[in-house]
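Structure, as structure tokens:
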Amino acid sequence: MALAAASRVLLHAGSRLGRREVVDGARRFANKQVLVETEDAAGIAVMKFRNPPVNSLSLEFLTEFVISLEKLENDKTFRGVILTSDLPGIFSAGLDLREMYGRNPAHYAEFWKAVQELWLRLYMSKLMLVSAINGASPAGGCLIALTSDYRIMADNPKYIIGLNESLLGIIAPFWLKDTFVNTIGHRAAERALQLGMLFPPAEALKVGVVDEVVPEDQIHSKARSVMAQWLAIPDHSRQLTKSMMRKATADKLIKQREADIQNVVSFISQDSIQKSLHVYLKKLKQKRG
Amino acid sequence: MALAAASRVLLHAGSRLGRREVVDGARRFANKQVLVETEDAAGIAVMKFRNPPVNSLSLEFLTEFVISLEKLENDKTFRGVILTSDLPGIFSAGLDLREMYGRNPAHYAEFWKAVQELWLRLYMSKLMLVSAINGASPAGGCLIALTSDYRIMADNPKYIIGLNESLLGIIAPFWLKDTFVNTIGHRAAERALQLGMLFPPAEALKVGVVDEVVPEDQIHSKARSVMAQWLAIPDHSRQLTKSMMRKATADKLIKQREADIQNVVSFISQDSIQKSLHVYLKKLKQKRG
Amino acid sequence: MALAAASRVLLHAGSRLGRREVVDGARRFANKQVLVETEDAAGIAVMKFRNPPVNSLSLEFLTEFVISLEKLENDKTFRGVILTSDLPGIFSAGLDLREMYGRNPAHYAEFWKAVQELWLRLYMSKLMLVSAINGASPAGGCLIALTSDYRIMADNPKYIIGLNESLLGIIAPFWLKDTFVNTIGHRAAERALQLGMLFPPAEALKVGVVDEVVPEDQIHSKARSVMAQWLAIPDHSRQLTKSMMRKATADKLIKQREADIQNVVSFISQDSIQKSLHVYLKKLKQKRG
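These protein sequence lines are chains A, B and C, in that order.
For the first sequence, position 138 (counting from the first letter as 1) is numbered 149 according to this note's numbering, and the numbering increases by one without interruption.
For the second sequence, position 244 (counting from the first letter as 1) is numbered 255 according to this note's numbering, and the numbering increases by one without interruption.
For the third sequence, position 213 (counting from the first letter as 1) is numbered 224 according to this note's numbering, and the numbering increases by one without interruption.
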């Protein structure tokens with residue numbers, strides 16, 4: 012009862028946040044980049060990423076994602092969430108590099124804090140999270156998938172998943188590295204991170220980046236049946252077990268969150284990194300016309 | 012020489028313990044639940060669990076198990092022990108939940124300390140331990156198997172092994188989780204613990220819960236041949252290596268043993284957990300007639 | 012520019028060291044046990060072990076190895092190194108046990124420090140290291156291979172690789188154990204270390220001790236193509252990622268380097284260990300005629 016009351020207050024706070032954004036003239040946070048479809052009877056929600064063209068993780072997208080997740084987290088109707096894309100062929104292309112190029116240190120710090128926040132919220136969510144990876148999922152897209160409790164990938168050889176930061180001249184943060192090691196083991200992570208490996212579905216399954224590969228038209232039904240299987244477990248056992256498995260990894264970031272932000276800010280503020288990003292963004296622009 | 016003298020003293024102490032129990036009118040600790048058959052020439056002993064109907068790990072059973080193990084540990088005749096069941100179709104059904112239901116906190120604390128003790132003694136044993144898993148082995152049964160140096164399972168699809176605590180609304184303790192992670196890796200452990208997965212032999216082998224699956228009638232001969240292979244290694248090298256691999260995991264519990272007891276006591280003292288256990292024990296009773 | 016100047020100074024220091032050895036009448040450090048063939052255009056060097064009959068890691072060999080590696084490390088021409096053997100059928104037989112038998116504690120300490128140094132330099136090298144394992148590679152030979160970024164083994168069933176210390180009555184140091192766990196996982200390492208397992212190529216590949224097995228006549232071309240693939244990654248990303256993956260493991264030794272030396276010195280100074288080594292060295296001598 013106390014919990015229910017608390018969650019209503021929190022939901023209300025969430026709604027106020029949403030409204031305030033609209034009042035300010037921005038509809039940006041008003042659930043437009045992350046569609047939330049609820050299936051109350053089943054106790055689940057589906058979060059669909061819709062930030063064309065490639066579901067880049069911009070500051071706006073990250074903020075909306077976290078707020079939407081928090082609402083679901085605090086509403087006891089919901090026990091599980093399916094994460095998927097509303098755009099064809101892309102799950103998420105990862106961090107919006109425009110947030111890391113040509114801005115000031117304060118912006119980089121704000122952006123990185125939002126990236127950390129998304130990871131922390133997803134990785135330690137008490138909701139059961141399934142990623143239905145229905146498109147390419149490099150870097151930050153893979154980050155989202157890795158935080159889930161279960162990963163299903165559509166069997167389309169054009170889709171790839173992995174942490175390819177090194178290809179762009181940057182590096183994955185230590186906590187994402189830790190998540191990767193927890194998922195595929197130390198050696199496979201070391202090799203994949205150094206080479207920036209992007210795996211097609213069959214290889215992703217083999218190395219353990221995803222748990223299951225299914226025909227593309229079955230990914231959503233599969234996500235629902237997996238969800239049902241996991242929700243058959245009493246919530247408190249599932250949640251305490253999840254926390255026991257992941258808390259040490261999350262605490263490592265929590266203990267040095269500010270230092271991690273400062274590291275990233277000074278790294279991406281370097282001329283050489285800014286130049287790399289400039290070249291990369293220019294190429295990307297030309298490619299997209 | 013000093014070691015031999017010391018072990019004789021300890022064996023004597025052990026015998027006195029056994030005798031005292033008999034004097035008190037209880038034959039419970041007098042090697043009746045854990046049969047110990049010694050093969051002095053080979054330097055090995057076989058411990059056979061016989062606590063019908065399902066080799067539940069009651070306080071009595073745990074106490075007798077630890078005393079018997081300590082005796083073997085302190086007798087330099089013995090270098091290895093085969094752990095197996097004397098009952099058909101069951102290795103061990105795990106903790107005796109009656110020890111965790113309807114008792115007072117002092118009893119829960121005593122019981123849990125005995126569970127910790129069994130794990131510590133087995134996991135850090137200087138004896139080479141082989142589990143010959145000749146029956147179902149859920150929860151605490153799996154705990155015993157996981158502490159061994161080698162696990163052989165009888166190829167009977169009716170037998171299952173795993174940590175299914177979450178199915179009962181409870182959770183595995185952190186040190187058992189650590190043992191599981193050490194054995195099958197972080198990701199496989201996370202999934203198996205959250206879902207309370209019980210694996211038939213072929214799957215147990217695939218995920219790494221057991222090292223080998225053999226036809227049921229060959230399990231004891233196989234255990235002996237594996238034992239011979241391991242005992243070909245000089246004891247001090249084998250023991251120092253085992254300690255190097257496992258000490259950090261054992262120390263984690265040793266450092267917070269009392270806190271772990273308090274956690275468990277307050278967890279199982281909760282009304283909701285007591286209710287779950289009541290329902291479960293009632294079902295079990297009906298099932299067994 | 013500063014870096015280039017610094018590396019020239021260091022190279023010069025290295026050359027002076029080399030010269031001094033020659034002046035002293037000893038050609039031992041003058042690049043005779045570790046041949047270095049440079050391929051400047053490709054930015055790579057090949058280090059070929061030539062310490063007949065079995066590339067034992069003597070104090071001299073270790074010292075020359077570290078000095079040669081340091082030179083390459085400090086010359087910005089070089090981005091990667093291939094480690095291989097110049098002797099047929101043997102990569103390296105591991106530590107020269109004569110350095111650990113019948114000497115005084117000061118010698119044992121000096122020798123062990125050199126072993127630690129080799130591991131630290133190789134494991135944390137900013138160069139991309141490929142081991143082209145063209146022969147047997149037990150114990151210290153396996154140590155060298157394990158520190159590399161990639162391991163290719165010649166497909167010859169007579170070749171074996173693994174940490175077989177326990178077979179000799181000794182144990183692998185904790186930092187080598189950590190390297191092994193990082194490479195093949197905790198359970199596989201526990202079993203292999205206790206049993207002193209030596210794997211032929213196919214099994215080494217299966218358990219993850221090596222990354223690839225190729226026909227013996229293709230090992231050097233394969234090493235070059237793997238090197239090219241890894242050097243396609245920007246150096247700073249590759250190096251920072253490698254450091255992030257390995258630093259915690261290296262720091263564990265750095266923090267207790269002196270204690271580790273003292274442990275080893277008192278372990279191998281024991282009469283029983285000296286006797287084991289005596290027996291083993293005698294056998295070895297007889298075997299070699």
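No residue lacks a Cβ here, since even glycine has one placed at the ideal position from N, Cα and C.
This one's a predicted model, so the numbers in the text were calculated from it and none came from an experiment.
Backbone secondary structure at residue i - three-state DSSP
i: C/V73; result: For the record, residue 73 of chain C in the displayed sequence is Leu; it is not Val. It is helical.
i: A/S103; result: coil
i: A/I284; result: helix
i: C/M135; result: coil
i: B/L174; result: coil
i: A/L295; result: helix
i: B/K49; result: The displayed chain sequence assigns Thr, not Lys, to residue 49 of chain B. If DSSP states are grouped into helix, strand and coil, B/T49 belongs with the strands.
i: B/T88; result: coil
i: C/I195; result: helix
i: A/M256; result: helix
i: B/S96; result: strand
i: B/V290; result: helix
i: A/R162; result: strand
i: C/P149; result: strand
i: C/I181; result: coil
i: A/L209; result: coil
i: C/V141; result: strand
i: A/V65; result: coil
i: C/K169; result: coil
i: B/K43; result: coil
Contact list for residue i against chain C, beta-carbon separation under 8 Å
i: B/I93; result: Those within 8 Å of B/I93 in chain C number zero; the least Cβ separation is about 17 Å.
i: B/R249; result: S177, Q205
i: B/M164; result: Those do not exist, as B/M164 stays about 15 Å from chain C at its closest Cβ, beyond 8 Å.
Closer than 7 Å at the beta carbon, the chain B residues around residue i
i: C/G207; result: I244
Chain-ordered chain B contacts of residue i [CB-CB under 8 Å]
i: C/S159; result: Near C/S159 there are no residues of chain B at all, since even the closest Cβ is about 23 Å away, more than 8 Å.
i: A/G219; result: R198
Contacts of residue i in chain A (Cβ-Cβ under 7 Å)
i: C/W130; result: Under the 7 Å cutoff, chain A gives no residues; its nearest Cβ is about 17 Å from C/W130.
Under 9 Å by beta carbon: chain A residues contacting residue i
i: C/W241; result: Q205, L206
beta-carbon residue i near the ligand FMN non-hydrogen atom, thresh 7 Å
i: C/W186; result: Ligands displayed in this structure: none; no statement on the ligand FMN is therefore possible.
Near-chain A residues of the stretch 180-205 of chain C - C-beta to any C-beta below 8 Å: Identification of residues in the stretch 180-205 of chain C having a C-beta nearer than 8 Å to some C-beta of chain A yields V192, N193, T194, I195, G196, given in sequence order.
Meets three-Cβ-pair contact criterion under 8 Å: the stretch 242-261 of chain B and the stretch 133-149 of chain B: In short, these stretches touch, since the Cβ pair count reaches three.
The stretch 55-66 of chain C / the stretch 93-101 of chain C touching (three or more Cβ pairs under 8 Å): These segments touch.
Against chain B: residues of the stretch 251-267 of chain A by CB proximity under 7 Å: Correct list: L251, T252, K253, M255, M256.
Cβ pair count under 8 Å reaching 3, the stretch 232-241 of chain B against the stretch 227-240 of chain C: Verdict: no, contact absent.
Runs of alpha helix (DSSP H) wholly within the stretch 219-246 of chain B (minimum 4 residues, chain order): Segments of the alpha helix (DSSP H) lying fully in the stretch 219-246 of chain B: 230-242.
Inter-stretch contact at 8 Å, needing at least 3 Cβ pairs: the stretch 157-170 of chain C / the stretch 126-136 of chain C: Judged by Cβ distances under 8 Å, the stretch 157-170 of chain C makes contact with the stretch 126-136 of chain C, as three or more pairs qualify.
The stretch 192-209 of chain C contacting the stretch 174-183 of chain C, beta-carbon criterion three pairs below 8 Å: Counting Cβ pairs under 8 Å, three or more are found: they touch.
Sufficient close CB pairs (3 or more, under 8 Å) joining the stretch 269-287 of chain A to the stretch 104-123 of chain A: With contact defined as three or more Cβ pairs closer than 8 Å, the stretch 269-287 of chain A and the stretch 104-123 of chain A are in contact.
Any 3 or more C-beta pairs closer than 8 Å across the stretch 85-92 of chain A and the stretch 50-57 of chain A: The stretch 50-57 of chain A and the stretch 85-92 of chain A touch, with three or more beta-carbon pairs separated by less than 8 Å.
Touching by the beta-carbon criterion (3+ pairs, under 8 Å), the stretch 102-113 of chain A and the stretch 260-267 of chain A: Touching, no, given that fewer than three Cβ pairs across the two stretches are closer than 8 Å.
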